[in-house]
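Novice:
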Amino acid sequence: MKTKLKVGRKNISSQFILLIVVFFVMFTIGSVMLINDQKNIAETFDEKRQELMKKEKLVIAIKTDLNSAFLQARGYIAFGEQDMYQQAISRKEPLQQHIDELFLLADEKDQVMIRNLDYFVNSYFTETLPKFKDVYDKQGIEGIKKNQNRKEATAGIEKVQEDLNEYQQQLSDEINIAYMVASKDINQSQWFFIGLLGFSLLVLIVLTRILLKQVGKPLNELAYVASEIANGKDLSYELDEKREDEIGVLSKAFYKMVVSLQANEQELLAQNEELTAQQDELHSQQDELQNALDKMKEREHELEARNNFIDELTNSLKKQEVLDNIVKNMRNVMKVDHGFIALLTEQGHASIGLSEHAMAQALTYINSYVAILKEEHQPVVIKRQCEQSEKLHHEKELYVYDVVVPVVSSTGELIACMCYSRYANDFSENDLDTFSALSKQVALTLEKINIYEESEHDRLLSQDVLNSIKEGIQLVDASGKVLQVNTNICEIFGSQHSKTVLNSPLDEWTKQISERVDNSEELLAFINDTIDMSKNRQSTVMYRVNIAGSNRVIQVYSEYVYRNRQRFGVLFVHRDITKEFEVDQMKSEFVSTVSHELRTPLASVLGFTELMLNKTLRPERQTKYLNTIYQEAQRLTALINDFLDVQKMESGTQTYHKNYVDLVPILKQVVNVQQINAGKHTFDIITSSENLVVFGDEDKLIQLFNNLIHNAVKYSPDGGNVQIKVLAEHDKVYIAIKDEGIGIPEEAINKLFTKFYRVDNSDMRKIGGTGLGLSIVKEIVKSHQGEIKVDSEWKKGSTFTISLPLMTTHSVEQLDQEKEEGKRSIIIIEDDKSLASLLQVELKESGFYVRHFDRGEAAIEAIQANPPEAIVLDIMLHEHEMNGWDILKTLKDDPNTEHIPIFISSALDEKNKGMEFGAYAYLVKPYQPSKLTNTILQMIVEKNEGNGEILVPRSDTE
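Anchor point for the sequence shown: position 395 equals 1585 in our numbering, and the numbering is continuous, going up by one each time.
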């Protein structure tokens, strides 16, 4: 078959460029025409619109000026304001200017209306307005109303306004018409452009079709020839060698390619056969390599699983976590379905793939597994039929293979047992060898954990022993690095945890402790000499350190620690000797104070006694000396009594004879005594009431106030006012003793009530004293359930404030009642006064002391202040906030009153509820009063049976 390729001789790209240029020229001409046309339309419309808008603005200005003139004229007639008339007249000139401008812009038709407007404006401002002003000035507003020309003037104004409105509307309509005309012209030009564009596209399509026909046909023929050759057909064809365009070049190249392909076809076929044979051989080798690679990957996964198994065994020292890792990784390594491991020497197990019930059942059979494994320490495989729970939805017989693996310690002891199961697939010899190898690794891990737990137990025990020692213990090695500490030494170091101190080098921990102690140089020298084993080292050293805001005195001594007769460290013991140090200081202060306080009066006694013995004195001189000796003897007696009081208070043997004491007379008595020897001082007693009663020992209270007021005088050597202020608030009475003396330093206030403590400064030393007075004051206040506090400012004075429990009338009555010997207190809570009176008589005749309350709030207050032996409680307390159930619950919820037996006396039959709430007995009204008495007596008998005695209240007649 012969095929001739025919093509044109013009360059294809030139033809395409020509086509594009033609289309672009046509499109450009159309666009330019459209733009010019739309520009002319827009400019015409804009000129028209500007002219009409200017006319409209002038019309609006004319209307505004006319309306303003009309309103000002009418305002003048209405109010008679001359300024308003002048403002109306002033609108004529702008009106005339606007009318002239509008006339110049108007056409002939509009100029007629504008001339009428101009005529109206001139006549209005020159005739009408002056005329009406003259009428108004002469006749007033009534003359305006009666004027015959008023209606004609009004009609003229309305006619002008109507004409202006119509003219304004006419201008708006003309603007709209101009806009519509412009829009129509623009649309027509756009339609023209669309037609031009469509024509251009049509021309483009025709030219493109011609070009494609000249180019596409030869290409299709060339493609057909290429397809036939590719299908193996032998074609002969001719070329048009005169064609010089791109298709001609392509045809020549294609011809040469076909000739070359046909020439090499035979050679390629031979090579293809050879390559096919080589490919078959390569496929065979690839299959072998793939099998080897699969086996290698499988082995790699096995090794990776075993490595992970071993890694997770060694990564933890927690036994349960290790057991969980064993069963999880054994499942991955050995491809088992489920299994467990159980410890035999202690409690502990882990499972995977088993429910809690199944695991519990497996543990019951563990002894049978142990019996099998004890005979031979090798894995044992057991084949058994699946149970129904294991078969699930399968109906035919299935088998499961269990392997029981022993875990044997290095000493040959069976310490654990592992059991794993597979469905359908048996365990091979290789699997059993793997189980044996892994069980050895498990045994080593369990032994390592046991050793760690034993060592950790011993370490914690040693640390607990160290922490229980009150001294601070610090063990360092030969280089000074910290090896072990206890919690007390951490407090000295200022560390929250021992981890921050352990393994600290010598320079670091010595720097840390030196920053906290006072005499750091001496301490560091002792530590360094001890570690260096210096011959001149001291045996002990003391230092001061602030621990938790308190200054402590620490004594350090050291001992060398040896192992196998070789010194490997030093043990520093930091002993807190603060109390011993303070006691030594107190002893020294006590000796010096007592020697001074005793020798001074003794010197006077001995001196005056010697004078009286060796000289003959006049009687008045003897009396004077005897008085001095008596006073000094009293001073010695008071000093000895203070020592004895402190001793009794500290030992708890001090006795108090308490009664009701009114504080005001006591204070007045003490002040009267102190005034005798206080010539420079004045005293003021300020009280909120004259009846301030406390329950206390009168003699001790006198001693208390005597010490405080005497101190106020003594420590005010320059005199001044001493104010005693007594104030009652709620259930407390506050006594504030204020002086204007030398005051107390702030740092000494916390130690002020310490025995033998005296402020260490020159002013205090001049005054003297034993340092016992305030310690006795504090003990007396404490024994009276009170509190004492100090407010002081140096060189300005001090205020000692004491608070004591205030006895109200009610509380005094309660205490009086408690003092009645042999009588037990009973409280009745009942709102029925008749029944309450009956029960009171019954219980009093039986030897009880009875108090009655009809309100729950008052009863609870009395019970909490002075708990009774028993309570008789009515449930229905009418018209009160608390009923009996509320009272019962409140008393049982209070630890101070929950033990008091409560007898419910109620008309409600709710015994079960009462007993659930904690009542002792439940009596349903009505009942015999003797029944209540017998029930209470029975309770007292049962209560005292455990003490081996029965106490019955004594009656008044007894």
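For each residue, glycine too, the CB sits at the ideal point set by N, CA and C. This structure is a prediction, so every number in the text was calculated from the model and none was measured.
Apart from the five residues just before and just after residue 1974, which ones in its own chain have a Cβ nearer than 6 Å to its Cβ?
Specialist: Against the sequence shown, residue 1974 aligns to sequence position 784. So the qualifying residues of the chain are 1886, 1994.
Novice: I'd like to confirm the pairing. Which residues does DSSP put opposite residue 1846 in its beta bridges?
Specialist: By 1-based counting over the sequence shown, the position of residue 1846 is 656. According to DSSP, which records beta bridges pairwise, residue 1846 is partnered with nothing at all.
Novice: Taking only three categories from DSSP, how would you classify residue 2039?
Specialist: Numbered from its first residue, the sequence shown carries residue 2039 at position 849. The answer is strand: DSSP assigns residue 2039 an E or B state.
Novice: Using only alpha-carbon positions, find the residue among 1307, 1209, 1318 that is nearest to residue 1248.
Specialist: To locate residue 1248, count along the sequence shown from 1; it is residue 58. Cα-wise, what sits closest to residue 1248 is 1307.
Novice: Could I get the ranges of all uninterrupted beta strand (DSSP E) runs contained in the segment 2051-2093, with 3 residues as the minimum, in chain order?
Specialist: Segments of the beta strand (DSSP E) lying fully in the segment 2051-2093: 2060-2063.
Novice: With burial defined as no fewer than 16 other Cβ atoms inside 10 Å of the residue's Cβ, what is the status of residue 1708: buried or exposed?
Specialist: On the sequence shown, residue 1708 is found 518 positions in, with the first residue counted as 1. Residue 1708 comes out exposed.
Novice: According to DSSP, is residue 1766 helix, strand or coil?
Specialist: On the sequence shown, position 576 is the one that residue 1766 refers to. In this structure, residue 1766 counts as strand in the three-state DSSP scheme.
Novice: Are residue 1880 and residue 1854 close, meaning C-beta to C-beta below 8 Å?
Specialist: The count along the sequence shown starts at 1 and reaches residue 1880 at position 690. The count along the sequence shown starts at 1 and reaches residue 1854 at position 664. Their beta carbons are under 8 Å apart, which means residue 1880 touches residue 1854 by this criterion.
Novice: Looking only at C-alpha atoms, which of 1265, 1600, 1501 sits nearest to residue 1637?
Specialist: Start at 1 with the first residue of the sequence shown, and residue 1637 comes out as number 447. If we check each option's Cα against that of residue 1637, 1600 comes out closest.
Novice: Take residue 1821 as the anchor and find which of 1390, 1794, 1986, 1847 has the nearest alpha-carbon.
Specialist: On the sequence shown, residue 1821 is found 631 positions in, with the first residue counted as 1. Closest option to residue 1821, Cα to Cα, is 1794.
Novice: Looking only at its own chain, which residues have a Cβ that is under 6 Å from the Cβ of residue 1593, when we skip the five neighbours before and after it?
Specialist: Counting from one through the sequence shown, the residue named residue 1593 turns up at place 403. Result list for residue 1593: 1569, 1571, 1610, 1617, in chain order.
Novice: My parser needs the beta strand (DSSP E) runs of 3 or more residues fully inside the segment 1310-1374; what are they?
Specialist: None, since the segment 1310-1374 contains no complete beta strand (DSSP E) of that length.
Novice: Along the chain, where does the alpha helix (DSSP H) containing residue 1569 start, and where does it finish?
Specialist: Start at 1 with the first residue of the sequence shown, and residue 1569 comes out as number 379. No alpha helix (DSSP H) contains residue 1569, which DSSP labels as neither H nor E.
Novice: What does the alpha-carbon distance come out to for the pair residue 1573 and residue 1641?
Specialist: As a working mapping, residue 1573 is identified with position 383 in the sequence shown. As a working mapping, residue 1641 is identified with position 451 in the sequence shown. Straight-line Cα distance between these residues: approximately 37 Å.
Novice: Which term fits residue 1485, buried or exposed, when burial requires 16 or more other beta carbons within 10 angstroms of its beta carbon?
Specialist: To locate residue 1485, count along the sequence shown from 1; it is residue 295. Looking at its Cβ environment, which holds fewer than 16 other Cβ atoms inside 10 Å, residue 1485 is exposed.
Novice: With respect to the alpha helix (DSSP H) encompassing residue 1681, which residues constitute its N-terminal and C-terminal limits?
Specialist: Your numbering for residue 1681 matches position 491 in the sequence shown. Its alpha helix (DSSP H) spans residues 1677-1683.
Novice: Grouping DSSP H, G and I as helix and E and B as strand, with all else coil, what is residue 1606?
Specialist: Counted from its first residue, the sequence shown places residue 1606 at position 416. In the structure shown, residue 1606 sits in a strand (DSSP, three-state: E or B).
Novice: Count the other C-beta atoms from every protein chain shown that fall within 10 angstroms of the C-beta of residue 1749, then say buried if there are 16 or more, exposed otherwise.
Specialist: Residue mapping note: residue 1749 aligns to position 559 of the sequence shown, counting from 1. Classification of residue 1749: exposed, given that the 10 Å Cβ count is below 16.
Novice: The beta strand (DSSP E) with residue 1910 in it runs from where to where?
Specialist: For the purposes of this step, residue 1910 is taken as the residue at position 720 of the sequence shown. 1910-1919 is the extent of the beta strand (DSSP E) around residue 1910.
Novice: With distances taken between CB atoms, is the gap from residue 1606 to residue 1651 smaller than 8 Å?
Specialist: Walking along the sequence shown from the start, residue 1606 turns up at place 416. Walking along the sequence shown from the start, residue 1651 turns up at place 461. It is not a contact, given that the beta carbons lie outside the stated cut-off.
Novice: Are the segment 1232-1247 and the segment 1394-1403 in contact at 8 Å, needing three or more beta carbon pairs?
Specialist: With the cut-off at 8 Å, the segment 1232-1247 and the segment 1394-1403 do not touch.
Novice: In three-state DSSP terms, what is residue 1211?
Specialist: Against the sequence shown, residue 1211 aligns to sequence position 21. The answer is helix: DSSP assigns residue 1211 an H, G or I state.
Novice: Using the rule of at least 16 other Cβ atoms within 10 Å of the residue's Cβ for burial, across every protein chain shown, is residue 1857 buried or exposed?
Specialist: Counted from its first residue, the sequence shown places residue 1857 at position 667. The residue in question, residue 1857, is buried, as its Cβ has 16 or more Cβ neighbours within 10 Å.
Novice: For the beta strand (DSSP E) that contains residue 1755, what are its first and last residues?
Specialist: Taking the first residue of the sequence shown as 1, we reach residue 1755 at position 565. Careful: residue 1755 lies outside any beta strand (DSSP E) and carries neither H nor E.
Novice: Please give the ranges of any beta strand (DSSP E) in the segment 1692-1738, keeping only runs that are unbroken, at least 3 residues long and fully inside the region.
Specialist: For the segment 1692-1738, whole beta strand (DSSP E) runs of length 3 or above, ordered along the chain, are 1730-1737.
Novice: Beta-carbon within less than 6 Å of residue 1923's beta-carbon, same chain only, minus the 5 sequence neighbours each way: which residues are those?
Specialist: Locating residue 1923 in the sequence shown gives position 733, counting from the first residue. So the list reads 1882, 1994, 1996, once near-sequence residues are dropped.
Novice: Rounded to whole angstroms, how far is the Cβ of residue 1372 from the Cβ of residue 1235, which I believe are closer than 8 Å?
Specialist: For the purposes of this step, residue 1372 is taken as residue 182 along the sequence shown, with counting starting at 1. For the purposes of this step, residue 1235 is taken as residue 45 along the sequence shown, with counting starting at 1. Correct: roughly 4 Å between the Cβ atoms.
Novice: Does residue 1474 come out as helix, strand or coil in the three-state DSSP assignment?
Specialist: As a first step, residue 1474 must be located in the sequence shown, where it is residue number 284. Correct three-state label for residue 1474: helix.
Novice: For residue 2096 versus residue 2064, is the C-beta spacing smaller than 8 Å?
Specialist: On the sequence shown, residue 2096 is found 906 positions in, with the first residue counted as 1. On the sequence shown, residue 2064 is found 874 positions in, with the first residue counted as 1. Closer than 8 Å, so yes.
Novice: Where residue 1684 and residue 1737 are concerned, what is the direct C-alpha to C-alpha distance, given to the nearest angstrom?
Specialist: For this step, residue 1684 is matched to residue 494 along the sequence shown. For this step, residue 1737 is matched to residue 547 along the sequence shown. Between residue 1684 and residue 1737, the C-alpha separation is close to 8 Å.
Novice: Any idea what DSSP makes of residue 2032, helix, strand or coil?
Specialist: Position 842 of the sequence shown holds residue 2032. Correct three-state label for residue 2032: helix.
Novice: Any idea if residue 1596 is buried or exposed, counting beta-carbon neighbours within 10 angstroms, 16 or more meaning buried?
Specialist: Within the sequence shown, residue 1596 is the residue found at index 406, counting from 1. Buried.
Novice: Please report how far the alpha carbon of residue 1475 lies from the alpha carbon of residue 1481, in whole angstroms.
Specialist: If you number the sequence shown from 1, residue 1475 lands on position 285. If you number the sequence shown from 1, residue 1481 lands on position 291. For residue 1475 and residue 1481, the distance between alpha carbons rounds to 10 Å.
Novice: How would you label residue 1635, buried or exposed, when you count the other beta carbons within 10 angstroms and need 16 or more for buried?
Specialist: Position 445 of the sequence shown, counting from 1, holds the residue named residue 1635. Looking at its Cβ environment, which holds 16 or more other Cβ atoms inside 10 Å, residue 1635 is buried.
Novice: Would you kindly work out how many angstroms separate the C-alpha atoms of residue 1772 and residue 1941, rounded to a whole number?
Specialist: The count along the sequence shown starts at 1 and reaches residue 1772 at position 582. The count along the sequence shown starts at 1 and reaches residue 1941 at position 751. Answer to the nearest angstrom: the Cα atoms are 12 Å apart.
Novice: For residue 1662, count neighbouring Cβ atoms within 10 angstroms of its own Cβ and tell me buried if that reaches 16, exposed if not.
Specialist: Position 472 of the sequence shown, counting from 1, holds the residue named residue 1662. Residue 1662 comes out buried.
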